[in-house]
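With this note's numbering, letter number 41 in the sequence shown gets 41, and the count goes up by one each step, no holes.
Beta carbons are placed, not taken as given, at the ideal position from N, Cα and C, and that holds for glycine.
Here is the structure we will look at.
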Amino acid sequence: MSAPAINSTTDAVTYLVGQHRRIRELFDEVAGAADTGERERKFFELRRLLAVHETAEEEIIHPLARRAIDNGDAVVDARLEEENKAKKQLTDLESVDVGSAEFETRLAALREAVFTHAEHEETEEFNRLRAEIDGEELRRLRSTVELAEAMAPTRPHPGVESAKANVLAGPFAAMMDRAKDLISKPR
Ligand SMILES: [Fe+2]
Ligand SMILES: [Fe+2]
């Protein structure tokens with residue numbers, strides 16, 4: 001009897017595309033939150049996911065794309081430029097009152113930037129990686145790509161002093177730094 005087929009959908013790229021879907025949903029959930037508390041929680045969840053997602057791309061997927069796809073440097077440099085713009089928009093958004101009209105306007109602008117970026121990744125980078133990289137390697141990379149998300153807590157823990165509980169709490173830039181630690185120094 002043959003071994004069960006390896007689920008070819010569970011590779012690093014598919015995982016990241018799944019995160020793109022969840023990021024889109026979270027933008028809707030932040031915008032549509034019933035009250036300020038709900039909006040705070042959803043906004044935290046969105047920042048957390050963006051931090052672990054963009055970090056996994058920057059640490060693992062973009063370096064691979066540079067090497068493996070035609071014009072890899074140009075493709076990746078363009079993606080990094082989009083990511084850096086979105087990070088700046090997100091950092092600015094963190095200082096705006098979530099209950100204000102300004103928050104909604106800036107959130108909509110960030111959403112547009114993030115959606116466009118994700119679409120470019122999927123069409124110009126991910127699809128080409130799939131064509132160039134061995135499926136087995138992409139499946140192996142999934143566990144590394146998943147690591148930061150698996151370890152990052154899903155809500156902030158104010159006052160809890162455990163290092164793990166505080167991972168990803170705080171402003172977005174600090175979330176990115178900690179996500180990077182999780183990926184590069186797994187414990
Ligand atoms: Fe990205
Ligand atoms: Fe992405």
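Open item on the list: Could you check whether Val98 and Glu40 sit closer than 7 Å to each other, using their CB atoms as the reference points?
Closed with: Translated into the one-based positions of the sequence shown, residue 40 becomes position 40. Translated into the one-based positions of the sequence shown, residue 98 becomes position 98. Cβ distance < 7 Å, so Glu40 and Val98 count as in contact.
TODO: State the Cα-Cα distance for the pair Val145 and Met176, rounded to the nearest angstrom.
DONE: Taking the sequence shown and counting its residues from 1, one reaches residue 145 at position 145. Taking the sequence shown and counting its residues from 1, one reaches residue 176 at position 176. C-alpha separation (whole angstroms): 14 Å.
TODO: Report back the beta-carbon spacing between Arg106 and Thr10 to the nearest angstrom; my notes put them in contact at under 8 Å.
DONE: Reading the sequence shown from its first residue, position 106 is the one you call residue 106. Reading the sequence shown from its first residue, position 10 is the one you call residue 10. Contact doesn't hold; Cβ gap of about 35 Å is too wide.
- [ ] Kindly provide the chain-ordered list of residues whose Cβ lies closer than 6 Å to any non-hydrogen atom of ligand 2.
- [x] Leu16, His20, His53, Glu57, Ala118, Glu121
Open item on the list: Here's the rule: buried if 16 or more other CB atoms are within 10 angstroms of the residue's CB, otherwise exposed. What is Ala101?
Closed with: As a first step, residue 101 must be located in the sequence shown, where it is residue number 101. By the 10 Å Cβ count, Ala101 comes out exposed.
Task: 6 Å CB neighbourhood of Leu64 in its chain, flanking five on each side removed - done: Residue 64 sits at position 64 when you count from the first residue of the sequence shown. Result list for Leu64: empty, nothing under 6 Å.
Task: Same chain, Cβ closer than 6 Å to Val76, five either side skipped, listed in chain order - done: Translated into positions along the sequence shown, residue 76 becomes position 76. For Val76, where only same-chain residues beyond five positions count, the Cβ hits under 6 Å are His62, Ala65, Arg66.
Task: For Pro171, three-class secondary structure by DSSP - done: Locating residue 171 in the sequence shown gives position 171, where the first residue counts as 1. Pro171 falls in the coil class under three-state DSSP.
Open item on the list: Quick check: is any heavy atom of ligand 1 less than 6 Å from the C-beta of Glu149?
Closed with: Translated into positions along the sequence shown, residue 149 becomes position 149. Because no heavy atom of ligand 1 lies under 6 Å away, the Cβ of Glu149 does not count as near it: no.
Open item on the list: Any heavy atom of ligand 1 inside 6 Å of the beta-carbon of Glu83?
Closed with: Taking the sequence shown and counting its residues from 1, the one referred to as residue 83 is at position 83. Yes, since a heavy atom of ligand 1 falls inside the 6 Å radius drawn around the Cβ of Glu83.
Open item on the list: In whole angstroms, give me the CA-to-CA distance for Ala56 and Ala33.
Closed with: Taking the first residue of the sequence shown as position 1, residue 56 is located at position 56. Taking the first residue of the sequence shown as position 1, residue 33 is located at position 33. One C-alpha to the other measures close to 28 Å.
TODO: Could you spell out where the alpha helix (DSSP H) holding Val13 opens and where it closes?
DONE: Against the sequence shown, residue 13 aligns to sequence position 13. Val13 -> alpha helix (DSSP H) spans 12-31.
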